[in-house]
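Once you know that position 187 of the sequence shown is 187 in full-length UniProt numbering, the rest is easy, because the numbers rise by one and skip nothing.
Yeah, the Cβ is synthetic: ideal placement off N, Cα and C, and Gly gets one too.
I have placed the structure first, in the form of structure tokens, so that the comments after it can refer back to it.
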Amino acid sequence: MADYRVPREDMQFVLQDVFQVDKDWAQFGELAELDMETAVAIIDEGAKLAETLIAPNARAADEEGVQFNDGVVTTPKGYKENFKQLAEGGWVGVTANPEFGGMGLPKSISAQYEEMLCAADISFSLYSGLTAGAIMTIDQHGDDALKATYLENMISGQWTGSMCLTEPHAGTDLGIIRSKAVPNDDGSFAISGTKIFITGGEHDLAENIVHLVLAKLPDAPAGSKGISLFLVPKFLVNQDGSLGERNGVTCGSIEHKMGIHASATCVLNFDGATGWLVGEPHKGLPAMFTMMNYERLGVGIQGLGAAARSYQNALEYAQDRIQGRGAKVTRDLAKEADPLIVHGDVRRMLLTMKAFVEGGRAFSTYVGQQLDIAKYAHDPAQKARAEALVQLLTPVAKAFLTDTGFEATVIGQQVFGGHGFIREWGQEQLVRDARIAQIYEGTNGIQALDLLGRKVAGSRGEMLKPLLDDIQALLAQPQAGLEKEYQQLAQATQLVADVTKNVLTKVADDENIINSVAVEYLYLVGYVAFAYMWLRMAKVAEPLVGERPYLASKIKTAKFYMARILPRIHGLVGVIEDGSESLYMHEVGEF
């Protein structure tokens, strides 16, 4: 596998030139002291860790995997030392509250750091990523005692966190979970039940693991309205902050998986474990979903990171590997053969990956910017608009970034040919590791239902308007040399509006239409959102090419995206127009 190189220039271009996030920071009191120079320095430091510490160990860690022995999970060689170095640099608490030792950085910066960490090694990234989510949940919903007891040690990386939702019989439908929480006399609760697929549920990287567990109180209402959230530490914490006795939570086994072999995916058994309520009784799901917008963007970035690594690997291979002869304009008869990159189909694959990666980087930054505005803005209207955009785009970020990310890893494998299928080059690991991101944190089909059913149809199309308004604002500022591409974006945007209107009109007569066309609708929005990103980048790049010649490639890739990838939406529209008819022609017994 090629050495990983963090795309520092492109990250800075997206942050500084395209989205001008430092202008936002200047308006927010909490971020007023942060400037672009500091942000670039942070990215550079994170890049050193990703390139020199984490990425070189990824393949060996995958081959060794995690080991399970009598309830004890051991991570691969190098993980413990690398995690310690990561934690000592403050990287576990990148976005965490400075009051408890966090860096307090905005999501627009942490999105870049998360991408580089995922590109370096998705498995390794999960241990700190899940901890960051747990930190956020405790900080926003825990009482002062829980914050004082747990946050500082979690932010420092001395302790890690896990999120315990899924049960053997209950995945997406959390309303039917069976884990119970019985009140104790001292205000704590006895937690009992089994949770599966728990990332980082047991390992040797930290001295304590803080589990956030969904369970039901004895008087809980039926369904999802009866779920509460509890904090359950692996080791109980004494009054002086030292670790006490082992709590009643054990790892029953670890999963043997297709990918992310170095990430411990655990079955956890809670046998009367002592836990504390986080937030209000029966309000566990809203508390958990507080961090879901961040976590689901984070999962999308896993797909983006895998795609970025795949593109770098495939590009290097295509430049070095000689095979056959290109067209006359690219042929070099002085050599035995021409490099792969001269061939049209290889260029198609490389440019498709490049379009997905750089478009995805811009899109994840755009969503991160909206998260920052929603969190830090003082103007209520500005905050409300950003919150609406986040609600709309979170399922798109999770599903579209992971689907295009997986597509990019498979395309990269195709560039390698047979060498992409064997272990030696490491490309097949990216395919295996990227696959899970389409499944966990809510499958991509569930994300599509959330987008079309809950967000778009649920608001009668109102939640779509801020995105369409942003696109129209760009279209109102034409750029010489991009006239054709502007017209393509305008037509695609109108298509989204028309399709949305048609679907909402049909809902009254076709109760199955949302479930039947949701995935295609999400792809439609995703491709058009990426088109918006590409035109926005191309417009900014055009006047800067003279001083930064590498940006000429940005404009050319934008043209490629509009000509070769955006037209995919027309096939999607045909499927959406079919509604549920072809899906529901069969009786259940006819399958």
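Beta carbon proximity, residue i to chain D, threshold 7 Å
i	result
A87	Absence of chain D from the displayed structure is noted, only one protein chain being present.
Buried versus exposed call for residue i [16 or more other C-beta atoms within 10 Å across all chains shown]
i	result
Y521	buried
E336	exposed
G71	exposed
H203	buried
F124	buried
K48	exposed
F591	exposed
S242	exposed
E81	exposed
L130	buried
A448	buried
D144	exposed
R309	buried
I176	exposed
Nonlocal neighbours in the same chain, by C-beta distance under 7 Å from residue i, ignoring five residues either side
i	result
F230	A181, F189, I191, V213, A215, G275, W276, L277, V278
Q140	T290
G90	M103
K554	M537, A538, A541
A497	L468
V431	T409, V410, Q413
F406	G303, A434, R435, Q438
A377	F28, K383, A386
A399	N444, Q447, A448, L522
R8	I43, D44, A47
Residue range of the unbroken alpha helix (DSSP H) whose run includes residue i
i	result
T352	344 to 376
G161	From DSSP, G161 is part of no alpha helix (DSSP H) but of the beta strand (DSSP E) over 159 to 164.
V525	513 to 541
A307	292 to 320
L489	483 to 506
D433	427 to 435
E30	Careful: E30 lies outside any alpha helix (DSSP H) and carries neither H nor E.
S110	107 to 120
Strand pairing of residue i, partner residues [DSSP]
i	result
N249	The residue you asked about is not Asn; residue 249 is Val in the sequence shown. BP columns for V249 point to F270.
G193	F270
L214	L229
Q67	T74
P98	Answer by DSSP bridge pairing: none, since P98 is not bridged.
P339	I322
T265	T199
Contacting residues, own chain, Cβ-Cβ under 8 Å from residue i (five flanking each side not counted)
i	result
R536	V18, A362, L474
S364	A111, E115, L297, G300, I301, L304, A397, L401
L524	L495, V496, V499, I569, L572, V573, I576
I471	L489, T493, V528, Y532
residue 593	In the structure displayed, the chain extends from 1 to 591; residue 593 sits before or after that span and is not available.
G46	V6, W91, Q112, Y113, M116, L117
Span of the beta strand (DSSP E) around residue i
i	result
V73	72 to 74
A181	180 to 183
F235	235 to 237
Nonlocal neighbours in the same chain, by C-beta distance under 6 Å from residue i, ignoring five residues either side
i	result
H211	S162, C164, V232
A120	Y4, A50, I54, A55
F100	L151, E152, I155
Q12	V40
* State whether the stretch 193 to 208 contacts the stretch 161 to 176, with contact taken as three or more CB pairs (one from each stretch) at a distance under 8 Å. => yes
* Asked: Three or more beta-carbon pairs under 8 Å between the stretch 568 to 579 and the stretch 510 to 518, yes or no?
  -> yes
* Could you tell me whether the stretch 411 to 422 touches the stretch 311 to 319, where touching means 3 or more Cβ pairs closer than 8 Å? => yes
* Any contact of the stretch 481 to 488 with the stretch 528 to 544, i.e. 3+ C-beta pairs under 8 Å? -> yes
* Asked: Counting Cβ pairs closer than 8 Å, one from the stretch 424 to 440 and one from the stretch 331 to 348, do we hit at least three?
  -> no
* Asked: Can we say the stretch 414 to 427 touches the stretch 502 to 509, given the rule of at least three CB pairs closer than 8 Å?
  -> no
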